Amino acid sequence: MKKNHTDFLRKISSSILDYSWLLKFIISSAIIISVISFSLTLDEIFEKSKIDPDFAWDMYLSYISQINSTLSKEESEQIEKVGRKLNAKRKLKDFEFALYENVPKLIEFLKSSNFNPNFKYYILEIFGEENLMKYMEENFNRDIETLVLFNVLSIDILDTEYVNKILNVIITDKLSRERFISVVLPRMKDNEKLAKVLLQKLYSEYSRTLKQNKETLLSLYREFRIRNYTHDKFEAIVNKTNVWYYKFFSAIINFFSNLFGLLGTLFKNLLFFIVFIFTIIVITLLVLPIIRYRIFYALGLKRYAAATYRKIVDKDPLNEEKRLVLAQLYEEAGMYEEAMNEYNFLKRIKIE
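Residue 797 is where the sequence shown starts when you use the working numbering, and the numbers rise one by one after that.
If you want it as structure tokens, here you go:
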């Protein structure tokens, strides 16, 4: 019974092999019919490559077998471009970044995987060098890891323009500096050359920068140095700074620099406090009528002084002394009618 079962399976397998050409013919015919019947466009075929690039490639072959021979040069170039792109996707069908043309996922792949140089051609066919270049230039200031795209681009990262841009970013941004040295640089092609050019440029910056900024650049060099990227002239500086007396005098200088900085801050804060208190006092005094009266009187503004003093008298209307002062103020200000009213009021108070 077991032998009969085995013989049956062999016959089935043999039949399938004998008719494999028929299966291929049926599949090919189905593809041709679908292309012709449903009039699929190149865009629709390309869209299917995100799911099954091999199937999309077969559809593409069927499509070009049906096209008119009177196509324009532009149309022919477009069809050929799509074909190259589909073929590239077939070669990289195991990678999500290739299927969906996702640049961030491509960056993740380049910085976390061993890059096969043979992939470069296919990646450029899928994404286009100009598109990758544009993406990198627009994003690397805020995401330094974008620089790994240089591994598939034909342009030279050692170009002065790019070296200056990279150096500017890693000097000014600490997080970008850490990511560049620990993640990006080890993944770059010719990373030794790139590090050498960057350090040479960094030393030039160090040589002409102000003294207070030198330590920042020297600290950046030390981060390169930890990962075995060195520069002879920087090494001489580092060795010098490691001598005990240099450290001692540097510590003293730093102490007094910090002390003066602290005193300067305290002085600024004290000055602000004094101005603030003085302002509060002035505002408080100006709110008091007696103070405003004296200021107006001292400035010779007799009418304003009389008007202000009137408010003081209104709060104590039967005070003869204050009434007399107010009458005299009115008289000095040339307000004789108001002065006479005050004198008459004083007479009535005395009679009563």
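All residues carry an ideal CB built from backbone N, CA and C; glycine is no exception.
Since this is a predicted model, take the numbers as computed values, not measurements.
Inside the stretch 1089-1123 only - alpha helix (DSSP H) runs reaching at least 4 residues: 1098-1110
Are the CB atoms of asparagine 883 and glutamate 921 within a distance shorter than 9 Å? yes
Straight-line gap, isoleucine 1022 to arginine 975 (C-alpha atoms, nearest Å): 14 Å
Could you check if tyrosine 1105 is buried or exposed, using at least 16 other CB atoms within 10 Å of its CB as the buried criterion? buried
Please list, in chain order, all residues of the same chain as valine 959 whose beta carbon is under 7 Å from its beta carbon, the five residues on each side excluded. Val993, Leu994 and Lys997
Going by DSSP in three states, isoleucine 1033 sits in which element: helix, strand or coil? helix
Ends of the alpha helix (DSSP H) at valine 965? 956-968
Give the straight-line distance between the Cα atoms of leucine 836 and glutamate 904, rounded to the nearest whole angstrom. 34 Å
Let me know if lysine 907 comes out buried or exposed under the rule of 16 or more other beta-carbons within 10 Å of its beta-carbon. buried
How close, in whole Å, do the beta carbons of leucine 954 and lysine 989 come, if the pair is a contact with beta carbons under 8 Å? 6 Å
How would you label tyrosine 1132, buried or exposed, when you count the other beta carbons within 10 angstroms and need 16 or more for buried? exposed
Given that a residue counts as buried once 16 or more other Cβ atoms are within 10 Å of its Cβ, and exposed if not, what is threonine 968? exposed
Could you tell me whether the Cβ atoms of alanine 1123 and leucine 1142 are closer together than 9 Å? yes
Can you tell me whether arginine 1018 is helix, strand or coil according to DSSP? helix
Please state whether DSSP places threonine 837 in a helix, a strand or coil. coil
The ligand ZN and aspartate 848: does any heavy atom of the ligand fall closer than 8 Å to the residue's C-beta? The ligand ZN is not among the ligands present in this structure, which contains no ligands whatsoever.
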